[in-house]
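Data block below; observations after.
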Amino acid sequence: MLSISKMGKGSALYYAKLAQNQGEFDASQPGEPPGEWLGRGAATLGLTGTVNQADFLALFDGFSTDGQAFLANAGRDNHVPGWDLTFSSVKSVGGLLWAVAPAHIKATLESCHHRAVKRAIAYLEEQAVNRNGEQCNLVIAAFQHGSNRNLDPGLHTHCLVLNLAVGQMAGEKPRPLYSKHLYKHKRAAGALYRSEFSYLLQQELGLSLERVRSWFELKGFSRERGRYQELMNHWSSRRQEIETQEPVNARHAQLLAYQTRQEKGVVPPRHELFAQWQDTAAEYGLTQRQAIRLVKPPKQPLTLTQKWAEWRTIREAATAVIRHQSHFTHRELVQAVAEASQARTISADRVMELTEWYLTSRYVMRLGIIDGQKRYANKRLYRLEQKLLNQAQTLKQSRGYRVRTKTVTQAVMRHGIRPEQEQAIVTVTQPSRLSVLSGLTGTGKTHTVKVLRDIYQANGHEVLGVAASRRGMEKLHEKTELSHQRWWEPFVEHPSEQTMSVHRLFTALDRAQESQWQYGARSVVRSPLSNRTVVIVDDAQRINTAQMNRLITEVNQAAAKLILCGDLKQQQSYEHRGAFAAIAQRFGHIQLEHVVRQEEEQAQTIVQQISEGESQAVVRRLVEQGQLIFVEHKEEAMLQTVQQWKPQGIRHPRQHLMITETREDAKTLNRLAQQARVESGALSQVAVKVRGDHFYKGDRLLLAESSHTYGVTKGTFGTLKHLDSVTRMAVVKLDSGQTRFINTRLYRGLELGYAVTTTTARDIEVNYAYVMAHGDGREAALVQLSRAQKQTQVIAYGHGVEHDQTQNLADQLKYSKLQEFAVIAHERGKEQAQEQGRSH
Numbered sequence: 001m002l003s004i005s006k007m008g009k010g011s012a013l014y015y016a017k018l019a020q021n022q023g024e025f026d027a028s029q030p031g032e033p034p035g036e037w038l039g040r041g042a043a044t045l046g047l048t049g050t051v052n053q054a055d056f057l058a059l060f061d062g063f064s065t066d067g068q069a070f071l072a073n074a075g076r077d078n079h080v081p082g083w084d085l086t087f088s089s090v091k092s093v094g095g096l097l098w099a100v101a102p103a104h105i106k107a108t109l110e111s112c113h114h115r116a117v118k119r120a121i122a123y124l125e126e127q128a129v130n131r132n133g134e135q136c137n138l139v140i141a142a143f144q145h146g147s148n149r150n151l152d153p154g155l156h157t158h159c160l161v162l163n164l165a166v167g168q169m170a171g172e173k174p175r176p177l178y179s180k181h182l183y184k185h186k187r188a189a190g191a192l193y194r195s196e197f198s199y200l201l202q203q204e205l206g207l208s209l210e211r212v213r214s215w216f217e218l219k220g221f222s223r224e225r226g227r228y229q230e231l232m233n234h235w236s237s238r239r240q241e242i243e244t245q246e247p248v249n250a251r252h253a254q255l256l257a258y259q260t261r262q263e264k265g266v267v268p269p270r271h272e273l274f275a276q277w278q279d280t281a282a283e284y285g286l287t288q289r290q291a292i293r294l295v296k297p298p299k300q301p302l303t304l305t306q307k308w309a310e311w312r313t314i315r316e317a318a319t320a321v322i323r324h325q326s327h328f329t330h331r332e333l334v335q336a337v338a339e340a341s342q343a344r345t346i347s348a349d350r351v352m353e354l355t356e357w358y359l360t361s362r363y364v365m366r367l368g369i370i371d372g373q374k375r376y377a378n379k380r381l382y383r384l385e386q387k388l389l390n391q392a393q394t395l396k397q398s399r400g401y402r403v404r405t406k407t408v409t410q411a412v413m414r415h416g417i418r419p420e421q422e423q424a425i426v427t428v429t430q431p432s433r434l435s436v437l438s439g440l441t442g443t444g445k446t447h448t449v450k451v452l453r454d455i456y457q458a459n460g461h462e463v464l465g466v467a468a469s470r471r472g473m474e475k476l477h478e479k480t481e482l483s484h485q486r487w488w489e490p491f492v493e494h495p496s497e498q499t500m501s502v503h504r505l506f507t508a509l510d511r512a513q514e515s516q517w518q519y520g521a522r523s524v525v526r527s528p529l530s531n532r533t534v535v536i537v538d539d540a541q542r543i544n545t546a547q548m549n550r551l552i553t554e555v556n557q558a559a560a561k562l563i564l565c566g567d568l569k570q571q572q573s574y575e576h577r578g579a580f581a582a583i584a585q586r587f588g589h590i591q592l593e594h595v596v597r598q599e600e601e602q603a604q605t606i607v608q609q610i611s612e613g614e615s616q617a618v619v620r621r622l623v624e625q626g627q628l629i630f631v632e633h634k635e636e637a638m639l640q641t642v643q644q645w646k647p648q649g650i651r652h653p654r655q656h657l658m659i660t661e662t663r664e665d666a667k668t669l670n671r672l673a674q675q676a677r678v679e680s681g682a683l684s685q686v687a688v689k690v691r692g693d694h695f696y697k698g699d700r701l702l703l704a705e706s707s708h709t710y711g712v713t714k715g716t717f718g719t720l721k722h723l724d725s726v727t728r729m730a731v732v733k734l735d736s737g738q739t740r741f742i743n744t745r746l747y748r749g750l751e752l753g754y755a756v757t758t759t760t761a762r763d764i765e766v767n768y769a770y771v772m773a774h775g776d777g778r779e780a781a782l783v784q785l786s787r788a789q790k791q792t793q794v795i796a797y798g799h800g801v802e803h804d805q806t807q808n809l810a811d812q813l814k815y816s817k818l819q820e821f822a823v824i825a826h827e828r829g830k831e832q833a834q835e836q837g838r839s840h
């Protein structure tokens, strides 16, 4: 793993104090091993081998080893000393195995880890440039540590990249380092470290490894399951310190971790630590003899087997790098290949070779330099995008579906809509068979769709509402009153108007086409599309490119009309994004701009500002209104979020919702909220355990899985009315007023609903929202700050000292994760090249 953080003024003394002040490491003495100079920049300055404390402190402050100032602000308070790049070994190897193995295996593990770190540093140095774009060299002091702050085993190396960019020319004075490339290439460098580390472990120790998401572990070792699960978890927490606080449950114990956090003091001799760790491991069943058994003679894989592993690596990486968009950079491909190569005996050097091979293969096309970096595209997806835009152009240029002006006027008067919505309706109802309506969340797009439905019905057309998901389908039905056929009910003939998910639409089309092929004119199965159908797509930004391509193709073939409604600033589909934005950009769109969901004008302004990227103004406004609280650690943020939620959320959880960025954080907040309701008497005192979680009568629930059997849709909320402790049958009253009887032995989607992730919150509207966030980009912030009609309270964590907090949070909220088509990016790249050519 690789993490990166900016160093403070006291960091130099901290690392110098922990390291032994001698040439060779003595495991019988206190302290960590002495530091080592890395990087071509260090070699250029004559720094090699062991880090000398005096030289390190001078360079840390921006001075040369003989006291001359390298930088203009050397030694001043505004001088940034550098950045701490921490390479951490995986827990099963650098924690368990390293802690209990014999000395010769320890030495090999440390050597493999160190060489993997040097390989990742070499990659970063290849990418390092100064502010003028010129190649530069790095000055790095690497300090190996063997334990965390609580002296649990964990082999890791702090690579302190000093704020000195050494030029390629001899005698050239160092400049301040342009740190952006460190952050930009962090993930790729971390993946290369893990790839090289896993390769060396397999080659030199014959360890059996397995992939775990983006990293690897020893085969059979896991924090969630496995023989040594308890030991891994024990050495992953500060259990002794937390137990003194008497936590009410495991989740609460995690929240107390930050309260016992201390600065790392003098480290005992490693010989003593190893003895303690071996005794602890033996208590959990891991002895030195068992550790030795994990090490086996390395086997050289057969050529055919190795070729197969490399082919699978490329295949997985090629799929991963285009999961969200069709174009990518060299850096993104390196990361994908390195992650896929772990545990497959593929070195970091081979990763780079496979990357270059794929970039020159027939599957990839070069887009050129776009926004200052070379980009590549998958040819198949590039052609799919071209096909989609061509189909959309054909649809846009077609004419038909005229509506009477009188009908529009009557509908506008009947619904009493705003002038902005009226103008949008007039534009959308023009004869073109493709119309695009966009607007921020809360601007009244769905109500506009309801008016459009009335207009087209009055003109004798069939209206079909389409949503990206089942939950979106139900939401569209509730707000537009289009008829609704439940997705779990048997398929029936389509009425003249209804809503359905895009998946169900395609299923209906396939069924109609199959029947037509089999029975011809005798077919009685009617297609949901005809030359009198108006298809209105809600939340169109959530439909991926393949789905949008087929939707436009089917609408074209049926001579129907397509109206796409969505938010260009909102989170997009999970796979191959940008279809809605590309259509809107290429063929134009009518936009709703005035936010009406929030009752107060200040809240409406915040939503509009965050959508435009004016994050500093948003943060400043939240601070002025007392709606933003800064805390230091995530655990403290959780406690503060629940504290803000308690006064009203305990009695009225339906209108008071907590929003956070990850599922794990949502689970923790849910448990704390549940505990608060139990203590206040809002819930019964008897809990029923279901798959490790406890539920009480009256609990707020989220149904996280769709089920044909029980007639529930993923993302639906409800209240637990009864849960039998014997049969595990739950009686749930949904927010819609319906009641469901659910067998929790079979249904696995029962979760608490006091707190949800940002993704789940996209379809929710409440009166009050409590957002716990570190800052996950503009799109996530837009969702978080637009869910509440009355008020939103934000609890931000991890943004440094007081005078930097607002700026750091604003920076986190400003960047956008929206992706665009390769076709659109390619065109923009050509325009940039032409402008650059004219300027020269």
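Last residue of the sequence shown: 840 in the working numbering, with the numbers rising by one and none dropped.
All C-beta atoms in this analysis are idealised placements derived from N, C-alpha and C, irrespective of residue type, glycine included.
From a predicted model like this one, the values you see are computed outputs, not experimental measurements.
If we call anything under 7 Å between Cβ atoms a contact, is residue 295 one with residue 205?
Going by C-beta atoms, residue 295 is nearer than 7 Å to residue 205.
What residue does the alpha helix (DSSP H) around residue 788 start on, and which one ends it?
Unbroken run through residue 788 is the beta strand (DSSP E), 788 to 797; no alpha helix (DSSP H).
With a threshold of 7 Å between beta carbons, is residue 186 in contact with chain C?
The structure shown has no chain C; it contains just one protein chain.
Closest to residue 578 by CA distance: which of 528, 818, 448 is it?
Closest option to residue 578, Cα to Cα, is 818.
For residue 710, which residues from the same chain have a beta carbon less than 7 Å from its beta carbon, with the 5 sequence-adjacent residues on both sides left out?
Cβ within range, chain order: 740, 742, 747.
Please go through the same chain and pick out, in chain order, the residues whose beta-carbon is closer than 7 Å to the beta-carbon of residue 643, but skip the five residues on each side of it.
Counting only Cβ-Cβ distances below 7 Å, and skipping sequence neighbours, we find nothing.
Label residue 854 either buried or exposed according to how many other C-beta atoms from any shown protein chain fall within 10 Å of its C-beta, with 16 as the threshold for buried.
There is no way to answer for residue 854, as the model of the chain reaches only from 1 to 840.
I'd like to know whether the C-beta atoms of residue 538 and residue 437 end up nearer to each other than 7 Å.
It is not a contact, given that the beta carbons lie outside the stated cut-off.
Sort 139, 158, 141 by Cα distance to residue 147 and report the nearest one.
Looking at the Cα atoms, 158 is the closest of the given residues.
By a C-beta neighbour count over all protein chains shown, 10 Å radius and 16 as the cutoff for buried, is residue 308 buried or exposed?
It is exposed - the Cβ of residue 308 has fewer than 16 other Cβ atoms within 10 Å.
Indicate whether the contact test is met: 3 or more Cβ pairs, each with one atom in the region 31 to 47 and one in the region 133 to 143, closer than 8 Å.
Judged by Cβ distances under 8 Å, the region 31 to 47 makes contact with the region 133 to 143, as three or more pairs qualify.
Can you give the Cα-Cα distance for residue 93 and residue 268, rounded to whole angstroms?
Taking the straight line from one Cα to the other gives about 21 Å.
Nearest by alpha-carbon distance to residue 589: which of 572, 601, 611, 565 is it?
Nearest C-alpha to residue 589: 565.
Helix or strand or just coil, what does DSSP make of residue 500?
DSSP places residue 500 in strand when its eight states are reduced to three.
Which of helix, strand or coil does DSSP assign to residue 827?
Three-state result, residue 827: helix.
Output the distance between the C-alpha atoms of residue 340 and residue 315, rounded to the nearest integer angstrom.
Roughly 9 Å between the two C-alpha positions.
Under the assumption that residue 320 contacts residue 336 (Cβ atoms under 8 Å), give the Cβ distance between them as a whole number of angstroms.
5 Å between Cβ atoms; contact.
Can you give me the C-alpha to C-alpha distance between residue 281 and residue 306, rounded to a whole angstrom?
So the alpha carbons of these two residues sit roughly 35 Å apart.
Under a Cβ-count criterion, where at least 16 other Cβ atoms within 10 Å of its own Cβ denotes burial, should residue 390 be classed as buried or exposed?
The residue in question, residue 390, is exposed, as its Cβ has fewer than 16 Cβ neighbours within 10 Å.
Figure out for me which residue from 416, 329, 394, 325 has the closest Cα to the Cα of residue 842.
In this structure the chain extends from 1 to 840, so residue 842 is not present and cannot be described.
Is it true that the region 381 to 400 meets the region 344 to 363, where meeting means three or more beta-carbon pairs spaced less than 8 Å apart?
No, the region 381 to 400 is not in contact with the region 344 to 363.
Identify, in the order they occur along the chain, each residue of the same chain with its Cβ nearer than 6 Å to the Cβ of residue 252, setting aside the five sequence neighbours on each side.
Legend: pLDDT at residue 252 = 41, less than 50; position of this residue unreliable, value from coordinates given subsequently. Hits under 6 Å: none found.
Can you confirm whether the region 449 to 468 touches the region 400 to 407 when touching is taken to mean that 3 or more C-beta pairs between the two stretches lie within less than 8 Å?
Cβ pair count under 8 Å is three or more, so yes.
Report buried or exposed for residue 421, applying the criterion of at least 16 other Cβ atoms within 10 angstroms of its Cβ.
So residue 421 counts as buried.
Does the distance from the CB of residue 480 to the CB of residue 502 come in under 7 Å?
Not a contact, by the Cβ cut-off of 7 Å.
Which complete alpha helix (DSSP H) runs does the region 575 to 659 hold, if anything under 4 residues is left out?
Fully enclosed alpha helix (DSSP H) runs of 4 or longer: 579 to 587, 601 to 611, 615 to 624, 634 to 649.
If we ignore side chains and look at the alpha-carbon of each, how far apart do residue 637 and residue 777 end up?
If I take the Cα positions, the gap works out to 19 Å.
Helix, strand or coil for residue 235? Go by DSSP, reduced to three states.
The answer is coil: DSSP assigns residue 235 none of H, G, I, E or B.
For the candidate residues 715, 735, 688, whose alpha-carbon lies nearest to that of residue 727?
The residue with the shortest Cα to Cα distance from residue 727 is 688.
What's the call for residue 856, buried or exposed, on a 16-neighbour Cβ count within 10 Å?
Past the edges of the chain, shown from 1 to 840, lies residue 856, and the structure says nothing about it.
Assuming residue 27 and residue 270 form a contact by the criterion Cβ under 8 Å, report the distance between their Cβ atoms to the nearest whole angstrom.
Confirmed, Cβ separation roughly 4 Å.
What's the gap between the Cα of residue 490 and the Cα of residue 712?
Interpretation of residue 490 is limited by its pLDDT of 41, a score under 50 that renders its predicted location unreliable; no figure is taken from the coordinates.
Could you tell me the alpha carbon to alpha carbon distance between residue 71 and residue 788, rounded to whole angstroms?
Each residue's alpha carbon lies about 49 Å from the other.
At the level of alpha carbons, what is the spacing between residue 629 and residue 762?
Cα to Cα, residue 629 sits roughly 23 Å from residue 762.
Let me make sure I understand the geometry here. Which of 583, 465, 518, 585 has the alpha-carbon closest to that of residue 529?
Comparing Cα-Cα distances from residue 529 to each of 583, 465, 518, 585, the minimum goes to 465.
Leaving aside the five residues before and after residue 446 along the sequence, list all residues of the same chain whose C-beta is less than 6 Å from its C-beta, in chain order.
Closer than 6 Å at the Cβ level, and outside the excluded window around residue 446, lie 479.
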